[in-house]
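Numbering (full-length UniProt numbering), first residue to last: 1 to 813.
Inspection log for the structure reproduced underneath, given as structure tokens.
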Amino acid sequence: MALTHTLFAALRAPLKGLIKAWVGTRLIEPEPSDLSLDPSLPTLYVLPHPALSDALLLDVLCQRHGLPSARGRIRLQALDLPASVALPVRQRRLWRRSRALEAPFHQALAYLADNPEADIQLVPVSVFWGRAPGKRFGFWHLLAADSWQLTGKLRRALSVLVNGKSVEVHFGAPLELRDLLDERGPAVANRKSARLLRVHFRRMRTRVLGPDLSHRRTLIEGVATSPEVRRVIGELAPAEKRSPERLQRRALRYGREIASNMTYPVLRFMDGLLRRLWNRLYDGVEVRGLERVKALAGDHTLVYVPCHRSHIDYLLLSYVLYRDGLMPPHIAAGRNLDMPLIGPLLRRGGAFFLRRSFRDKPLYAAVFNEYLHRLLERGHPLEYFIEGGRSRSGRMLTPRPGMLSMTLRSFRRSAAGSSPPRLAFVPVYVGYERIIESASYQRELRGGKKRKESPLALLRVLGKLRQPFGKVAVNVGEPLPLGAWLEDTTPGWRDDLAQAKPAWLNQAVPRLGDELARRINAAAALNPVNLVALVLLATPHHAIEASLMSRQLALLTALQRHSPGGQNVSLPQGEPDEWIGEVVSLGMVERRPHALGDIVTATAEQASLLVWYRNNVLHLFALAGLTAFAFRHAPRHDLDSLQAQLGPPWPILARELFLDPVALPQALPAMLDALCQQGLLHRHADAWQRPAALEAGEQLRLLARLMQPSLERGYLLLALLLSQPAGTLGRNALAERSQQLTERLALLTGRDAPEFFDHKLFASLIESLEAEGWIWEQDERLWFDERLRSAAQRTGELYDPALRHRLQLVSHG
């Protein structure tokens with residue numbers, strides 16, 4: 001034994017030198033400088049299992065970052081402990097019984113029991129040599145990364161060689177050992193401390209590696225032979241006059257068409273590829289709010305629901321999560337992306353594919369539902385886009401019910417078991433300074449046909465890599481724990497759990513979609529491009545003095561600081577003049593020198609593209625723009641007159657733009673105060689007045705024009721609806737006719753903005769009027785009463801005579 005100890009001590013120094021020279025950490029979390037260690041207490045590091053490589057690496061990191069040593073010993077009177085210990089691991093032996101596991105804190109706890117004034121702080125440390133989910137990948141799995149299986153000495157040595165440049169180290173929050181000591185004595189506290197630390201390490205492994213991955217073939221066979229799929233096969237066999245065996249084979253084909261095949265080598269490859277792509281394509285990826293995810297990842301099934309602005313979204317979130325030490329999710333992707341070369345790569349990166357619609361395919365629906373349920377039940381993180389497709393207008397689209405409904409049904413089904421699941425939705429806002437698809441979105445909004453995705457289209461995209469695309473922002477919104485949300489909004493959701501599709505589901509799904517959309521919008525990222533777009537598109541001819549542009553940009557950011565449009569909104573770094581220069585460098589606007597001061601302009605094509613970026617963040621300034629619009633015609637208002645005029649359109653705008661449902665009486669005073677602080681309004685007693693200064697008046701007019709397109713659309717739709725007796729027009733006829741009128745207005749006013757008269761906006765506006773009780777549908781016709789006419793008359797007072805006259809001419813044309 002002494003010889004072994006001497007040999008080990010002799011080898012430790014060269015092995016530590018090898019670790020120091022060879023190993024590179026790709027992630028240390030948190031930063032060692034952020035560890036809240038108490039310098040007055042001895043520090044005991046705890047590893048999840050004995051591993052020389054982990055202990056040596058920890059020793060190197062402590063020296064490198066100025067942390068308390070992990071190599072020395074803790075000597076306090078009669079106490080003599082190594083500065084780092086590992087929890088024991090039970091080893092099975094065929095020839096003898098396994099020994100009982102004894103946590104290594106008994107001596108320290110006994111010392112603390114005899115010395116009430118002393119204490120020791122424990123710091124749990126998790127080390128991951130690469131990150132392979134728990135799945136066999138052949139020979140490379142023997143060499144590669146940490147998985148749920150504990151590695152042997154040879155495999156760990158090979159793993160150090162192969163994964164030495166891809167190591168992650170996660171420090172846990174320091175824990176004072178005395179807090180675990182109670183009247184039951186050191187022995188009980190020793191067991192409690194080991195149990196607590198094992199829970200911590202298990203949660204950390206779940207967060208980083210995800211749950212074990214079943215073999216894909218086994219998973220597909222389990223899905224195809226599940227009771228629900230067999231039930232559907234039994235119903236279809238006589239109706240389609242097919243044998244059950246044939247339908248069973250069809251179910252297996254569906255399973256192979258759907259299921260992902262996540263593999264660690266591809267994750268490593270994609271990480272390296274995407275890191276180069278972001279560095280080549282973008283100037284960086286800024287991530288905010290990821291700590292909210294890390295707080296839930298260990299014991300919740302996570303469903304990421306990002307907004308969908310670009311095909312890059314599929315790759316971006318997975319890259320960010322993998323880079324920051326979280327397990328990439330399984331991603332629901334459209335079947336159109338399952339193309340040669342691209343499809344297999346996405347599938348091995350975690351994508352599972354679904355058809356656009358499977359309403360008339362009951363067997364396909366049963367297979368997909370069962371596959372989704374098994375992923376959720378086993379705790380795999382998921383990602384899907386509640387909008388369905390990418391937003392061509394730049395706005396948040398109305399959430400589609402499909403995936404949300406299937407997730408709710410799966411959650412309810414799991415709730416019937418012995419251990420109810422813990423599932424949380426994670427809203428994510430993705431903001432681009434420039435997207436690859438700008439030209440194709442404009443073409444489609446003008447009625448052009450969407451081009452089919454293909455590998456050749458990808459090659460065309462690669463040709464754009466030399467162009468500047470600015471930065472990307474990934475903002476994580478406020479997570480939504482599904483169980484707590486259902487308890488608050490649908491108290492009877494646990495009743496009759498055996499029912500396949502309960503009645504409350506039809507109301508809960510759209511409510512859930514709207515809530516998630518609001519949380520996504522509440523985490524929006526303001527960047528130089530969308531700020532410049534907000535200002536420039538509010539000018540009549542898309543031209544503005546550079547000095548006024550700078551002042552208006554400063555105004556918009558100041559309003560967000562004083563009265564933010566969302567609780568997790570982020571603002572850009574730098575100054576307005578720097579933002580203008582950045583947008584010019586991206587080719588989005590032009591800056592023309594002039595003897596009396598530079599002018600910022602946009603060509604017709606640039607202005608058309610900027611609309612998309614303005615719409616990304618328009619919701620943040622809805623109340624500010626609406627309030628400013630009220631002073632466009634009338635120079636003075638008291639609070640009662642403002643609430644009377646803004647009361648009817650505000651809830652409609654809030655629904656259209658997915659804003660937090662704040663009542664106008666609570667939100668309006670704060671906004672008036674913000675506008676006063678910026679010098680755009682003056683308060684006199686109980687009234688507010690537009691300032692006489694020309695500069696402040698121009699800034700107020702620019703702010704008011706932000707909401708003018710939305711108000712004009714609403715005016716034309718209401719004018720058309722009220723021009724006919726109630727019950728005359730149907731939903732589709734009203735939307736189509738309103739679209740024609742708005743297109744006519746765009747032509748007469750010289751606006752080249754196809755999204756201004758997008759048919760989806762009018763369909764959404766009609767739904768909002770219906771949800772607010774202003775109109776209702778009966779016998780496929782829309783009905784209303786005098787309340788709508790009175791509200792429209794009050795809102796009409798917002799418009800100055802010239803604008804009202806122009807809109808009336810168009811509506812009666």
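Note that the Cβ used here is the ideal one computed from N, Cα and C, for glycine as well.
Reference residue i; option with closest CA among the options
| i | options | result |
| --- | --- | --- |
| E770 | L516, E755, F756, L788 | L788 |
| L37 | P14, P124, L79, L76 | P124 |
| L642 | E656, S608, Q689, T601 | Q689 |
| L52 | Y282, V160, L76 | V160 |
| L209 | T25, G272, G298 | G298 |
| T43 | G587, W22, L81, L536 | L81 |
| D54 | E797, G272, L18 | L18 |
| K471 | G289, P399, K760, A525 | A525 |
| F469 | A704, R280, L512, E478 | R280 |
| L197 | V85, S166, H215, Y254 | V85 |
| R205 | G234, M270, S126, A157 | S126 |
| T263 | P344, G625, L317 | P344 |
| Q678 | A802, L556, C62, R806 | L556 |
| P709 | F352, D779, G625 | G625 |
| F368 | M396, M339, M403 | M403 |
| L478 | R292, G431, R494, L376 | Per the sequence shown, residue 478 should be read as Glu rather than Leu. Comparing Cα-Cα distances from E478 to each of R292, G431, R494, L376, the minimum goes to R292. |
| A704 | L681, R632, R737 | R632 |
| L337 | E578, R323, Y322, Y314 | Y314 |
| A173 | E31, D324, S440 | E31 |
| L296 | A366, R276, R422, L175 | R422 |
Opposing strand residues paired with residue i [DSSP bridges]
| i | result |
| --- | --- |
| S126 | H170 |
| P481 | A424 |
| D80 | R75 |
| L782 | E777 |
| A473 | E286, G431 |
| Y45 | S84, V123 |
| I544 | V600 |
| A525 | S570 |
| E176 | Q121 |
Terminal residues of the alpha helix (DSSP H) in which residue i lies
| i | result |
| --- | --- |
| residue 827 | Residue 827 lies beyond the residue range present for the chain, which begins at 1 and ends at 813; the question has no answer from this structure. |
| F658 | From DSSP, F658 is part of no alpha helix (DSSP H); its letter is neither H nor E. |
| S84 | No alpha helix (DSSP H) holds S84; the beta strand (DSSP E) holding it covers 84-86. |
| I258 | 244-258 |
| A687 | It is not in any alpha helix (DSSP H) - A687 instead sits in the beta strand (DSSP E) that spans 687-689. |
| N115 | Segment: none, N115 is in no alpha helix (DSSP H) and carries neither H nor E. |
| T218 | 216-224 |
| E444 | 438-445 |
| residue 833 | Past the boundaries of the shown model lies residue 833; the chain is included only from 1 to 813, so the question cannot be answered. |
| R494 | No alpha helix (DSSP H) holds R494; DSSP gives it neither H nor E. |
| Q740 | 731-749 |
| N261 | Per DSSP, N261 belongs to no alpha helix (DSSP H) and is neither H nor E. |
Distance cut-off 6 Å: residue i Cβ against heavy atoms of the ligand COA
| i | result |
| --- | --- |
| R203 | Looking at this structure, you won't find the ligand COA or any other ligand, since it has none at all. |
CB contact below 7 Å: residue i versus chain C
| i | result |
| --- | --- |
| A622 | The structure shown contains no chain C, having only a single protein chain. |
Residue interval of the beta strand (DSSP E) (run including residue i)
| i | result |
| --- | --- |
| E712 | Note, E712: premise wrong, no beta strand (DSSP E); alpha helix (DSSP H) at 708-722. |
| T25 | 25-29 |
| H759 | Not the beta strand (DSSP E): H759 falls in the alpha helix (DSSP H), residues 759-771. |
| R683 | 682-684 |
**Asked** Would the stretch 687-698 and the stretch 612-625 be scored as touching if the rule is three or more Cβ pairs under 8 Å?
**Response** no
**Request:** Please confirm if the stretch 548-558 is in contact with the stretch 696-703, defined as three or more CB-CB distances below 8 Å between the two stretches.
**Result:** yes
**Request:** Could you name each continuous beta strand (DSSP E) segment of 3 residues or more that falls completely within the stretch 578-666, going from the start of the chain to the end?
**Result:** 590-592, 599-601, 636-638
**Message:** Under 8 Å, with one C-beta from each stretch per pair, do the stretch 480-496 and the stretch 599-609 reach the 3-pair mark?
**Reply:** no
**Asked** Taking only runs of the beta strand (DSSP E) that begin and end inside the UniProt domain "Phospholipid/glycerol acyltransferase" (302-433), which ones reach a length of at least 3 residues, in chain order?
**Response** 330-334, 351-354, 423-432
**Message:** Would the stretch 563-572 count as touching the stretch 714-721 if we require 3 or more Cβ pairs under 8 Å?
**Reply:** no
**Cβ contact (3+ pairs, closer than 8 Å) linking the stretch 762-777 and the stretch 647-667** = yes
**Asked** Quick one: any contact between the stretch 23-32 and the stretch 162-175, if contact means 3 or more CB pairs under 8 Å?
**Response** yes
**Asked** Does the stretch 184-198 come close enough to the stretch 109-124 that 3 or more CB-CB pairs lie under 8 Å?
**Response** yes
**Prompt:** Between the stretch 355-365 and the stretch 302-317, are three or more C-beta pairs nearer than 8 Å?
**Reply:** no
**Asked** Taking one C-beta from the stretch 281-291 and one from the stretch 220-239 each time, how about it: are there three or more such pairs within less than 8 Å?
**Response** no
**Asked** Does the stretch 377-387 come within contact of the stretch 331-342, defined as at least 3 CB pairs closer than 8 Å?
**Response** yes
**Message:** Would the stretch 513-520 count as touching the stretch 390-405 if we require 3 or more Cβ pairs under 8 Å?
**Reply:** yes
**Item:** Contact the stretch 521-536 vs the stretch 606-613: 3+ CB pairs below 8 Å
**Value:** yes
**Stretch-stretch touch, CB-based, cutoff 8 Å, three pairs: the stretch 560-568 with the stretch 589-596** = no
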